Each structure stands twice: as structure tokens, then as C-alpha cells.
Amino acid sequence: MAGQGLRDLGLRSTNGGGCACCSPTSHSTATKDAAALVAEPIEGDEVSAQFLVEGMTCSHCVRSVTEEVSAIDGVSGVDVDLKAGGVSTVTVTSTAPVDAVQVRHAVEEAGYSLASTS
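At position 107 of the sequence shown the residue is numbered 107 (full-length UniProt numbering), and the sequence of numbers has no breaks.
In C-alpha cells:
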């Protein structure tokens, strides 16, 4: 490897601060109570709800949110559709409808925020 120079790939940060897991940033907190985008029954006795989350950029971010939301009573699954640097969709599967405020608190505990629904 000696003699080989590093090549600049031209990648630049688009959000100016990184993600919550890699570097400190300020995340806005939605002022309205958290609301699920979709709450619908799925097979069996489970329901599914989708939430929009801002600030996630990598697999560590996904793990952090998944861990916190999974700790909510009744949650049986969490699936994240990561949109790095944008608004990601978090689908929560549970045995009963999940309190959106609990999801908001779990997401904030992980270092992120729900996108404003207004």
C-alpha cells in the first residue's frame, strides 16, 4: 500500500452535523403529539403503525431506534426503511395499538425526532 495516495471521492455532508449516533446535532422535536401515519390490522391479532423519523443516517441509527421502540410493552416488531439524512419510515407491529406518545419518547431517547405531521 506504500506509495498509493488517497483519492477524494467528493462526498460532502448535506446536513452539516452528522447523525445523532456519530456526532452531536440538534434535532427538532415535533410540537404536536405524535401521530401514526397508518394504523391497520395485519394477520392474526397484530396491528401495524408507521411513524416518520428525522435524523437517521446509518445502521447504528436504525439499531438505536429499533432497540428503544422494541422496549415498548406490546411491540412485537420494528422495521425501519432508512432514508439516510432524510425522513425514514418506522413501522411498528404490536398486539394492540401503540400509544404514539410512547413511540415519540422512545425515538427521542434514541436521539432522533418524529417528523412534524403539519
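Every residue gets a Cβ at the ideal spot worked out from N, C-alpha and C, and that includes glycine. Since this is a predicted model, take the numbers as computed values, not measurements.
Item                                                                                                                                    : Value
Which residues share a DSSP beta bridge with Val69?                                                                                     : In the DSSP output, where bridge partners are listed per residue, Val69 has none listed.
Name the one or two DSSP bridge partners that Ser93 has.                                                                                : Residue identity check: residue 93 is Thr in the sequence provided, not Ser. Paired residue(s): Ser48 and Gly77.
DSSP state of Ser116, grouped into three classes?                                                                                       : coil
If you count every other CB in all the chains shown that lies within 10 Å of the CB of Glu68, and 16 or more means buried, which is it? : buried
How about Ala71 and Ala100: do their beta carbons lie closer than 8 Å?                                                                  : no
Indicate the three-state DSSP secondary structure (helix, strand or coil) for Val107 in the structure shown.                            : helix
Going straight from the alpha carbon of Val47 to that of Cys58, what length do you get?                                                 : 27 Å
Is Val62 helix, strand or coil when you go by DSSP?                                                                                     : helix
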